[in-house]
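**Q** Numbering (our numbering), first residue to last: 3 to 436.
Before anything else, here's the structure in question.
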Amino acid sequence: MIYFLVYFRNYFKFKFCSYLNTKNIREHRIARVFLINFKDSMDLSKTKSGTAAVWAGEMQTFCEGATTPPVVNSVTFAYDDMDEWFDVAIGKREGHIYSRNTNPTVSVLEEKIRLLERAESATAFSTGMAAISNTLFSLLSPGDRVVSIKDSYGGVGKIFLEHLPRFNIDVQLCNTTDHERIEEEIDKGCKVLYLESPTNPTLKILDLKRLIKSAHDAGAIAVVDNTFATPINQNPITMGADLVVHSATKYLGGHSDVMGGLVCGNSNLVRNLFQFREINGASLHAASAYMLIRGMKTLELRVQRQNANALKIAHFLRNHPKVKEVFYPGIESHPGHDIAKEQMSGFGGVLSFSLHGGFNDVKQFLPRLTFAHLAASLGSVSTLVGPPKTTSHVEMTEAQRKRLGIPESLIRYSAGIENVEDLLDDLNNALSNI
Ligand SMILES: *Cc1c(COP(=O)(O)O)cnc(C)c1O
């Protein structure tokens with residue numbers, strides 16, 4: 003008898019508990035759905051960049067309440083409900099199918115750049131060059147024409163000069179700051195206008211609003227590489243750009259430890275580009291996306307510091323007897339200063355300068371710097387320094403570099419977030435020893 007009573011008591015206790023558990027889990031799920039909806043419906047488009055950099059893409063409840071986005075390594079995503087699976091597969095309902103196409107961690111990153119650049123849509127790539135080449139190859143067809151500048155990023159120049167012509171695409175590269183000439187070429191008709199400002203390595207400035215307007219008048223699509231400026235200093239979309247491309251490897255990641263590329267802008271254009279990338283396969287890995295997400299949270303802080311460091315360093319170098327010329331749009335005498343002041347909210351962390359002596363002086367000077375990696379790339383928390391002759395423009399002849407206005411003794415200096423007093427001391431010591 004007692005045995006049966008205990009048995010029944012335990013039986014009912016078990017039943018009751020499992021009822022409670024199911025109920026809890028279900029309510030918990032409902033609560034989560036509500037939270038997601040509640041937070042997603044909050045409009046971040048009016049927030050300032052520092053807030054958007056932290057919160058964009060993260061206004062949702064992650065697994066178990068995690069406060070940072072999980073790295074979703076899963077290649078594939080499962081559905082119990084066939085109708086739901088089908089709806090997601092045909093894009094009728096949000097969700098993920100396969101990580102070459104979309105991935106939850108990568109989506110968080112895309113939302114960050116979308117908000118920071120004030121764009122309609124965004125899509126991510128494995129590198130900056132993947133973002134740019136996919137953009138160009140998805141927009142251009144044989145017989146089309148593209149207008150750009152001679153100072154675009156080295157890899158992009160190679161696409162223009164060596165690869166697009168193989169597909170019978172006409173490429174017109176203009177002298178970078180010759181706005182009249184660029185407009186003339188646009189007026190002759192083109193499918194794409196491809197711009198970059200400030201440029202590498204002499205920090206030339208283009209009047210983006212003016213050129214984008216010309217492109218639109220001619221029915222062309224305006225694409226801007228915003229890598230150097232970052233969305234903190236410049237938002238080409240607010241100046242009319244249709245697409246903005248980024249090497250996230252630089253400032254967005256910010257620590258020289260991850261590569262990535264991003265494109266954002268007009269929804270229709272981004273959708274086409276996304277579909278091209280889906281089958282082209284230059285997708286970003288979730289682990290890299292996480293590193294970029296983490297880097298981007300401090301983007302505003304870093305860029306503000308780098309703006310300030312570069313400006314002080316540019317002024318210091320301008321008054322140094324060993325320095326011949328300083329290229330930085332934040333200096334009043336820079337030919338693009340007025341336009342830069344108009345279209346940028348900071349002048350950026352990269353500057354370049356030439357020495358009175360030739361390349362031999364550069365060879366003596368650079369190894370004497372303590373707080374600088376002598377290395378390619380830019381936009382890292384640590385100062386990165388190198389001559390275009392051995393980095394970005396290594397494949398050119400001296401004559402080609404000269405034609406681009408790149409002096410033999412030019413040094414590109416990407417200011418890190420170090421204390422500027424230390425950077426100035428460092429530069430001063432190294433300069434006085436040559
Ligand atoms: C570095 C860079 C690129 C290429 O990006 P990767 O991530 O190295 O492929 C494109 N444009 C600009 C302005 C760059 O500085």
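Cβ atoms here follow ideal geometry from the backbone N, Cα and C, with glycine treated the same way.
Along the chain, which unbroken stretches of the beta strand (DSSP E) at least 3 residues long are found entirely within the stretch 124-172?
**A** Fully enclosed beta strand (DSSP E) runs of 3 or longer: 147-151.
**Q** What residue from Leu-426, Glu-420, Asn-136, His-181 has the CA that sits closest to Leu-245's CA?
**A** Looking at the Cα atoms, Asn-136 is the closest of the given residues.
**Q** By Cβ distance below 8 Å, which residues in the same chain neighbour Ser-47 in space, the five residues on each side in sequence not counted?
**A** Around Ser-47: Leu-117, Arg-120.
**Q** I want to know whether the stretch 276-294 touches the stretch 133-150 - three or more CB-CB distances under 8 Å.
**A** With the cut-off at 8 Å, the stretch 276-294 and the stretch 133-150 touch.
**Q** Under a three-way DSSP split, which group does Arg-31 fall into?
**A** Low per-residue confidence applies at Arg-31: pLDDT is 38, beneath 50, and the placement is therefore not dependable, though the value from the model is reported in the following sentence. Residue state, collapsed to three classes: helix.
**Q** Three or more beta-carbon pairs under 8 Å between the stretch 102-111 and the stretch 195-210, yes or no?
**A** Touching, no.
**Q** Since Gly-242 and Ile-223 are thought to touch, with beta carbons under 8 Å apart, how far apart are those beta carbons, to the nearest angstrom?
**A** Not confirmed; about 11 Å, so no contact.
**Q** At which residues does the alpha helix (DSSP H) containing Leu-118 begin and terminate?
**A** Taken as a continuous stretch (DSSP letters only), the alpha helix (DSSP H) holding Leu-118 covers 106-118.
**Q** Could you tell me if the beta carbon of Ser-249 falls within a distance shorter than 7 Å of some heavy atom in ligand 1?
**A** It does: the Cβ of Ser-249 is within 7 Å (strictly closer) of some heavy atom of ligand 1.
**Q** If distances are taken between C-alpha atoms only, which option among Thr-201, Ala-217, Asp-172 comes closest to Ile-184?
**A** Looking at the Cα atoms, Ala-217 is the closest of the given residues.
**Q** For the beta strand (DSSP E) holding Glu-198, just list the boundary residues, first then last.
**A** Note, Glu-198: beta strand (DSSP E), 194-198.
**Q** What separation, rounded to the nearest whole angstrom, lies between the Cα atoms of Ala-289 and Asn-237?
**A** One C-alpha to the other measures close to 27 Å.
**Q** Using the three-state DSSP reduction, which class does Asp-427 fall into: helix, strand or coil?
**A** Here Asp-427 sits in helix by DSSP.
**Q** Taking the alpha-carbon of Asp-153 as reference, which of Leu-286, Ser-411, Ser-394, Gly-332 has the nearest alpha-carbon?
**A** The residue with the shortest Cα to Cα distance from Asp-153 is Ser-394.
**Q** Any idea what DSSP makes of His-181, helix, strand or coil?
**A** In the structure shown, His-181 sits in a helix (DSSP, three-state: H, G or I).
**Q** Sort out for me which residues DSSP pairs Tyr-415 with in a bridge.
**A** According to DSSP, Tyr-415 bridges with Leu-353, Val-387.
**Q** Run the proximity test for Asn-202: is its beta-carbon closer than 7 Å to any non-hydrogen atom belonging to ligand 1?
**A** Indeed, a heavy atom of ligand 1 lies less than 7 Å from the Cβ.
**Q** Please report the distance separating the alpha-carbon of Gly-359 from that of Tyr-330.
**A** Looking at the two C-alpha atoms, the distance is approximately 20 Å.
**Q** Have a look at Ala-126 and Gly-263 and give me their C-alpha separation to the nearest angstrom.
**A** Near 6 Å, if we compare the C-alpha coordinates of Gly-263 and Ala-126.
**Q** Out of curiosity, what's the CA-to-CA distance linking Thr-229 and His-257?
**A** Approximately 15 Å between the Cα atoms of the pair.
**Q** Please classify Ile-521: does DSSP put it in a helix, a strand, or coil?
**A** Any question about residue 521 goes unanswered here, given that the chain covers just 3 to 436.
**Q** With a cut-off of 8 Å, do at least 3 Cβ pairs link the stretch 301-311 to the stretch 162-178?
**A** Contact between the stretch 301-311 and the stretch 162-178 is absent, because fewer than three Cβ pairs lie under 8 Å.
**Q** Which same chain residues end up closer than 8 Å to Val-422 when comparing Cβ atoms and leaving out the 5 residues on each side of it in sequence?
**A** These residues qualify, in order along the chain: Ala-310, Asn-311, Lys-314, Ile-315.
**Q** Could you check what DSSP says for Asp-227 in three-state terms: helix, strand or coil?
**A** Looking at Asp-227 - three-state DSSP - the assignment turns out to be strand.
**Q** Would DSSP call Tyr-81 helix, strand or coil?
**A** Note: Tyr-81 maps to coil in three-state DSSP.
**Q** Determine contact between the stretch 321-337 and the stretch 347-364, defined as no fewer than three beta-carbon pairs at a distance below 8 Å.
**A** Verdict: yes, contact present.
**Q** Do Ile-171 and Asp-146 have their C-beta atoms within less than 8 Å of each other?
**A** For Ile-171 and Asp-146, yes; Cβs fall inside 8 Å.
**Q** Could you tell me the alpha carbon to alpha carbon distance between Arg-405 and Gly-157, rounded to whole angstroms?
**A** Rounded to the nearest angstrom, the two C-alpha atoms are 18 Å apart.
**Q** For Ala-342, collect the residues of the same chain with a Cβ closer than 8 Å to its Cβ; drop the 5 residues on either side in sequence, then sort them by chain order.
**A** Only Pro-200, Ile-207, Pro-331, Gly-332, His-336, Phe-349 meet the Cβ criterion.
**Q** Between Asp-428 and Leu-371, which are expected to be in contact by the criterion C-beta below 8 Å, what is the C-beta distance as a whole number of angstroms?
**A** Sure, about 6 Å apart at Cβ, within 8 Å.
**Q** Considering Cα atoms alone, identify which of Phe-169, Val-225, His-181, Ala-132 is closest to Tyr-196.
**A** Among Phe-169, Val-225, His-181, Ala-132, the Cα nearest to that of Tyr-196 is on Val-225.
**Q** Short check: CB of Glu-198 to CB of Tyr-253, under 8 Å?
**A** Not in contact: Glu-198 and Tyr-253 (Cβ atoms no closer than 8 Å).
**Q** Can we count Ile-130 as close to ligand 1, meaning its CB is less than 7 Å from some heavy atom?
**A** Contrary to the premise, residue 130 reads as Gly rather than Ile in this sequence. Because some heavy atom of ligand 1 lies under 7 Å away, the Cβ of Gly-130 counts as near it: yes.
**Q** By a C-beta neighbour count over all protein chains shown, 10 Å radius and 16 as the cutoff for buried, is Arg-414 buried or exposed?
**A** Flag for Arg-414 reads buried.
**Q** Within the same chain, show all residues whose beta-carbon is closer than 8 Å to that of Glu-420, passing over the 5 residues directly before and after it, in chain order.
**A** Cβ within range, chain order: Asn-311, Phe-373, Ser-384, Thr-385.
**Q** May I ask you to report which of helix, strand or coil DSSP gives Gln-174?
**A** Here Gln-174 sits in strand by DSSP.
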